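Take our numbering: the final residue in the sequence shown is number 449, and no numbers are missing along the way.
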Amino acid sequence: MGKLFGTDGVRGVANTELTGRLAYELGRAGAYVLTKETYHTPRILVGMDTRISGDMLESALTAGICSVGAHAVLAGIVPTPAVAYLVRKYRLDAGIVISASHNPVEYNGIKFFNNEGYKLRDELEDMIESIVLSDRDDLPRPTGEFIGTKSIAEEALDDYIDFLTASSSVRFNGIKVAIDCANGASYKAAPIALLNLGAELCIVHNEPDGNNINLNCGSTHIESLQKLVRENGADIGFAFDGDADRCLAVDENGELIDGDKILAICGLYLKEKGRLAGDTVVGTVMSNMGLSVMGNKNGINIEQANVGDRYVIEKMLEGGYSLGGEQSGHIIFHDYNTTGDGIITAIQMLKVLKYRGCKASELAKIMDVYPQVLVNAKVKNENKYSYMENAEIKTAVVELEKKFEGEGRVLIRPSGTEPLVRVMIEGKDIDQMQKDAEKLALIIEQNLQ
């Protein structure tokens, strides 16, 4: 078995790669690592998205937690950011989410939060991983009255909705909002919170059946939301992913407002309000060059983190910054939550729209998007981190970097959650960029299959 943790927890095809046994071992090791310094019975919150494998994995994970004497608090179907918030609200020792986020239904995943609602640092994930992979048998195995138990957090979803509603003193009466819930974990929380704040809603893909999560819908299939906005004359639209830690928007014409533009729109608003800490926005190495250009024009510093919202929050914490995120729609408003929160993102965007008193398309003009192409090379999962160890690939990458030096950039990176190496080129001639990206992706595939 290779490396377990990617950029967002452990993921794989449920019941073949992410088995019940692995979930049990992760629950056992995670509970031990995250709570071994406590001097009381540790309590760990467990939430999940709507996919059919959630029940199986929740049972196995709970068994692992209880086997080391910890108490599992089951929140049921809630967004990932709800777990990050509720761990703090309930003063629990850790949180675990069973979700594969934007991936298809056959996948699932397990990701951990500490007692402050933050995703784990690399060293803690490494500790959990080493325990699981070494099949250690020296972890606690309490008996009798010291075996762990479970309880149901009946108010979890309602408490999260109350938090969302309280995040805005501004009401959205008169704004028609379209939302795509991806048949995922936002299907109750997003509509209720936005209705509580006075928005007029049109909703699609909020009827999960266990198998339709992310199926031609949500933030990875934005065309469904674009159609909804156009057909209903909505002022703005928001699409969430399966666990609702991502949000992408579209304007009244159905044109995409991606994560970089959301950062630009909200960053400038917060700066004007004196609430943008350090006058800084944290993006990633994948952020479009247009974000940096916007920042330079408006006195906003743009920092770059590695891809993955936990790396964004790490850089935000290092600098004491309040806003950061990714092009994909993971946006962190640190004044409100400790991780990407799609519904909070939608609420903050609506606050800006209300404040500006203009159309969403006018908001989006704040940032020019530089041409960018992204091509995925499909490789063996165990090979994706070693692409620069191959001489042919290394030579091709170096030659391509020289070609675009001074008028663009080339970024090669392995996916943290899928068996892919991503080739991204940013520049002026999109047709040539597409040809070059496809050529390099083919070389990577041929050498790493």
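We put the CB at the ideal spot given by N, CA and C, even for glycine. Note that the coordinates shown come from a computational prediction; the quantities given were computed from them, not determined experimentally.
So with Cβ pairs under 7 Å, would you call residue i a contact of chain E?
i: residue 433; result: Within the model displayed, chain E is absent; a lone protein chain is all it includes.
Apply the 10 Å Cβ neighbour rule to residue i and answer buried if 16 or more other Cβ atoms are within range, or exposed otherwise.
i: residue 42; result: buried
i: residue 446; result: exposed
i: residue 142; result: exposed
i: residue 40; result: exposed
i: residue 296; result: exposed
i: residue 25; result: buried
i: residue 174; result: exposed
i: residue 83; result: buried
i: residue 214; result: buried
i: residue 51; result: buried
i: residue 357; result: exposed
i: residue 94; result: buried
i: residue 417; result: buried
i: residue 382; result: exposed
i: residue 28; result: buried
i: residue 273; result: exposed
i: residue 171; result: exposed
i: residue 118; result: buried
i: residue 345; result: buried
i: residue 355; result: exposed
Quick check: the Cα distance between residue i and residue j, rounded to an integer number of angstroms?
i: residue 246; j: residue 448; result: 30 Å
i: residue 120; j: residue 231; result: 42 Å
i: residue 87; j: residue 46; result: 10 Å
i: residue 370; j: residue 427; result: 7 Å
i: residue 220; j: residue 191; result: 20 Å
i: residue 110; j: residue 60; result: 12 Å
i: residue 1; j: residue 133; result: Only weak support is given to the placement of residue 1: the predicted model assigns it a pLDDT of 42, under 50, and the value that follows is read from those uncertain coordinates. Answer to the nearest angstrom: the Cα atoms are 7 Å apart.
i: residue 248; j: residue 254; result: 12 Å
i: residue 331; j: residue 63; result: 33 Å
i: residue 19; j: residue 13; result: 8 Å
i: residue 123; j: residue 31; result: 15 Å
i: residue 306; j: residue 145; result: 45 Å
i: residue 279; j: residue 285; result: 19 Å
i: residue 318; j: residue 104; result: 34 Å
i: residue 289; j: residue 281; result: 14 Å
i: residue 316; j: residue 335; result: 11 Å
i: residue 258; j: residue 327; result: 6 Å
i: residue 162; j: residue 85; result: 11 Å
i: residue 188; j: residue 397; result: 46 Å
i: residue 4; j: residue 72; result: 23 Å
i: residue 338; j: residue 224; result: 29 Å
i: residue 441; j: residue 17; result: 26 Å
i: residue 11; j: residue 415; result: 12 Å
i: residue 424; j: residue 372; result: 7 Å
i: residue 267; j: residue 347; result: 14 Å
i: residue 351; j: residue 44; result: 34 Å
i: residue 432; j: residue 21; result: 48 Å
Can you pull the DSSP bridge partners for residue i?
i: residue 238; result: 179, 249
i: residue 5; result: 10
i: residue 481; result: Coverage of the chain is limited to positions 1 through 449, which leaves residue 481 absent and any answer about it impossible.
i: residue 46; result: 74, 96
i: residue 259; result: Bridge partners of residue 259: none, in fact.
i: residue 18; result: 14
i: residue 119; result: 113
i: residue 451; result: Limits of the chain in this structure are 1 at one end and 449 at the other, which puts residue 451 out of reach.
i: residue 108; result: 12
i: residue 280; result: 301
i: residue 477; result: With the chain covering only 1 through 449, there is no way to say anything about residue 477.
Please look up how many angstroms separate the CB atoms of residue i and residue j, rounded, as I've assumed it's under 8 Å.
i: residue 302; j: residue 283; result: 6 Å
i: residue 57; j: residue 108; result: 6 Å
i: residue 66; j: residue 7; result: Not a contact, Cβ separation roughly 29 Å.
i: residue 242; j: residue 185; result: 7 Å
i: residue 400; j: residue 436; result: 6 Å
i: residue 239; j: residue 180; result: 4 Å
i: residue 77; j: residue 55; result: Contact doesn't hold; Cβ gap of about 10 Å is too wide.
i: residue 374; j: residue 413; result: About 10 Å; that fails the 8 Å criterion.
i: residue 75; j: residue 153; result: 5 Å
i: residue 342; j: residue 329; result: 7 Å
i: residue 80; j: residue 244; result: 7 Å
i: residue 430; j: residue 377; result: Contact flag wrong, Cβ pair sits at about 19 Å.
i: residue 112; j: residue 131; result: The pair is not a contact, with the Cβ atoms about 13 Å apart (cut-off 8 Å).
i: residue 361; j: residue 251; result: 4 Å
Item checked: Any alpha helix (DSSP H) of 4 or more consecutive residues that is wholly inside the stretch 67 to 105 -> Complete alpha helix (DSSP H) runs here, min 4: 80 to 89.
Next item on the list: Counting only runs of 3+ residues fully inside the stretch 282 to 323, write out the beta strand (DSSP E) ranges in chain order.
Entry: 301 to 305, all fully within the stretch 282 to 323.
Item checked: Ordered list of alpha helix (DSSP H) runs contained in the stretch 136 to 204, each at least 4 residues -> Uninterrupted alpha helix (DSSP H) stretches at least 4 residues long and entirely within the stretch 136 to 204 occur at 156 to 166, 189 to 196, given in chain order.
Item checked: Continuous alpha helix (DSSP H) assignments of at least 4 residues falling wholly in the stretch 21 to 46 -> Taking only runs of at least 4 residues, no alpha helix (DSSP H) segment lies wholly in the stretch 21 to 46.
Next item on the list: Entirely within the stretch 362 to 408 and at least 4 residues each: give me those alpha helix (DSSP H) ranges in chain order.
Entry: Taken in chain order, the unbroken stretches of alpha helix (DSSP H) that lie wholly in the stretch 362 to 408 and span 4 residues or more are 391 to 404.
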